[in-house]
Amino acid sequence: MRGMLIALVCFRAGGALADVDLPTKFLNQGSVANTRHNMTQRQAAGGGPAGATMDSYRNDYEEVCVYCHTPHGAASGQVPLWNRTIKPTTYTTYSAINSPTITQPITQPGANSLSCLSCHDGQTAVDSIINMPGSGRYNASQATSQDNAFLNSWTNTRGPDATVHMGMKGGECLACHTPTAGFLGAGATDFTVFVTGTDLSNDHPVGIRFPGGGVGTDFNAPTGTKGTITYFDTNGSGSLDSKDVRFYDTGQGAEVECASCHDPHGVPSGAPGSTFNPTFLRVSNTGSQLCLTCHSK
Ligand code: HEC
Ligand code: HEC
Ligand code: HEC
Ligand code: HEC
Ligand code: HEC
Numbered sequence: 142m143r144g145m146l147i148a149l150v151c152f153r154a155g156g157a158l159a160d161v162d163l164p165t166k167f168l169n170q171g172s173v174a175n176t177r178h179n180m181t182q183r184q185a186a187g188g189g190p191a192g193a194t195m196d197s198y199r200n201d202y203e204e205v206c207v208y209c210h211t212p213h214g215a216a217s218g219q220v221p222l223w224n225r226t227i228k229p230t231t232y233t234t235y236s237a238i239n240s241p242t243i244t245q246p247i248t249q250p251g252a253n254s255l256s257c258l259s260c261h262d263g264q265t266a267v268d269s270i271i272n273m274p275g276s277g278r279y280n281a282s283q284a285t286s287q288d289n290a291f292l293n294s295w296t297n298t299r300g301p302d303a304t305v306h307m308g309m310k311g312g313e314c315l316a317c318h319t320p321t322a323g324f325l326g327a328g329a330t331d332f333t334v335f336v337t338g339t340d341l342s343n344d345h346p347v348g349i350r351f352p353g354g355g356v357g358t359d360f361n362a363p364t365g366t367k368g369t370i371t372y373f374d375t376n377g378s379g380s381l382d383s384k385d386v387r388f389y390d391t392g393q394g395a396e397v398e399c400a401s402c403h404d405p406h407g408v409p410s411g412a413p414g415s416t417f418n419p420t421f422l423r424v425s426n427t428g429s430q431l432c433l434t435c436h437s438k
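The numbering of the sequence shown is this note's numbering, which starts it at 142 and goes up by one.
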């Protein structure tokens, strides 16, 4: 038993035992630059996991934020300064077919979830952005479609140019990031479970309205409001911060979206500067803490 515990500690260096996360070569601490959401795959300090391996398959913009945000020329919508291609898509939602007990209306994923799905549904290359670093490298049509000629105009200065712009799906990023990948992928982490595809019917519902609630009902009552966001001010800070589970209202009422539960930049598990909660969760799910923030069960 003791031996097993030690083995587990080594496997999840620096994290709480009960939480589960894939091993990563990133520190998972301090900045999004030190997480898997660093698409340059080169860490601020040190060489990073395998930036060079990835060079032929995605543009290395040498900036972490730009894969998701741009200071100018952003897409219009609800996501702050959004820089990524969001292809018009109809998703299969969680529905009454899966559950006779669901009570709330479900719509297509809201803008917030679409931002995550712009990578995680696998349809779009991870480097498909509207405004590349530098002046005059802007293409407005990139907001809704991926133009490979535009993406090819980028030069990787730290390695060979990307000639293929891969998305997170089988035959692309997963050509290496699966256990069965051949020589090239040897040692690459298995990311199969990260790729949601366009069928969201087996995932926790998103685009679903929060019924509100309180003591004695099935749901807890959020305690804070900021603009269109309502949130659980679990740490009692009186303001919206990254640890707060929240709902997004894009005109259909307060809804659960991906970033209700996840913060794509990482959330310190304890004091500022501590290791991030696994899987970008706002609240660690040890003891089902995250679930129990909303559900009163
Ligand atoms: C993998 C994509 C991704 C990357 C990389 C990323 N962001 Fe974000 N960011 C998002 C998404 C999605 C939201 C909206 C989330 C929400 O509603 O809380 C957001 C929201 C924000 C916000 C406003 C809300 C908040 O949480 O404060 C700021 C500020 C921000 N990002 C800054 C940055 C900076 C600076 C970087 C680079 C160091 C960065 N982001 C990198 C996806 C990303
Ligand atoms: C720019 C593309 C991109 C965007 C946008 C993006 N992700 Fe990711 N995400 C990735 C990649 C790449 C990985 C690493 C795994 C892989 O390659 O399949 C990852 C990994 C994750 C993981 C697993 C992390 C771990 O440590 O186990 C979670 C959870 C996640 N993303 C959630 C989100 C959520 C929620 C959003 C939106 C708020 C989002 N992502 C937006 C590209 C993206
Ligand atoms: C030619 C094979 C290959 C391809 C294609 C490839 N990768 Fe990788 N990737 C690797 C190897 C090898 C590593 C280093 C081992 C590791 O860290 O998993 C790596 C590491 C990573 C990591 C860091 C894992 C961690 O947390 O330490 C991420 C994230 C990642 N790749 C994302 C991607 C994305 C996104 C794509 C598609 C644009 C992609 N990879 C395409 C081989 C590949
Ligand atoms: C109700 C909360 C909640 C919502 C909403 C949610 N997630 Fe998650 N997500 C989680 C939890 C909890 C985990 C950790 C699961 C585990 O440890 O197996 C997770 C894990 C993940 C992972 C890592 C793969 C895995 O299964 O461990 C990815 C990628 C991810 N979520 C993406 C998304 C995306 C994209 C959305 C929106 C379409 C989303 N999540 C919406 C709670 C949520
Ligand atoms: C941000 C708030 C929130 C969080 C966090 C959350 N849920 Fe939910 N969940 C909801 C809402 C809202 C519904 C829709 C309920 C309905 O329509 O009756 C729902 C639906 C569900 C359903 C489907 C119920 C049905 O009748 O089909 C299950 C099961 C569930 N959640 C489990 C979980 C688990 C497990 C976790 C933790 C990993 C979790 N939830 C975290 C808000 C949340």
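Every residue, glycine too, gets a C-beta built ideally from N, C-alpha and C. Just so it is clear, the structure is predicted and the values come from calculations on it, not from any experiment.
In the displayed model, leucine 258 falls within a helix according to three-state DSSP. Between the beta-carbon of glycine 407 and that of valine 173 there is about 6 angstroms, and that keeps the pair under the 8 angstroms contact cut.
Counted as a single uninterrupted DSSP element, the beta strand (DSSP E) harbouring threonine 366 occupies residues 365-367. Between the alpha carbons of glutamine 264 and threonine 296 lies a gap of roughly 23 angstroms. Cβ neighbours of threonine 369 within its own chain (closer than 6 angstroms, five residues either side excluded): Asp390. Listed in chain order, the alpha helix (DSSP H) runs fully inside the stretch 314-355 amount to none, counting runs of at least 4 residues. The C-beta distance from threonine 304 to histidine 318 rounds to 19 angstroms, too long to fall under 8 angstroms, and the pair is not in contact.
In the DSSP annotation of this structure, the continuous segment of the beta strand (DSSP E) that includes threonine 371 starts and ends at 370-372. Take leucine 292, set aside five residues on each side of it, and the residues of its chain with a beta-carbon closer than 8 angstroms to its own are Asn200, Ala266, Asp268, Ser269, Ala303, His306, in chain order. Going by DSSP, phenylalanine 417 is part of no alpha helix (DSSP H) at all; its letter is neither H nor E. When beta bridges are read from the DSSP output, arginine 225 appears opposite Ile270. Of the candidates Gly365, His403, Gly379, Ala290, the residue whose Cα lies closest to the Cα of histidine 178 is His403. As the crow flies, the alpha-carbon of glycine 312 is around 12 angstroms from that of threonine 321. The DSSP-derived three-state label of glycine 308 is strand. For phenylalanine 291, the uninterrupted alpha helix (DSSP H) run begins and ends at 289-293, by DSSP. Closer than 7 angstroms to some heavy atom of ligand 4: that does not describe the Cβ of threonine 333. The stretch 348-363 makes contact with the stretch 241-257, as at least three CB pairs between them are under 8 angstroms.
Taken through DSSP and simplified to helix, strand or coil, valine 397 comes out as strand.
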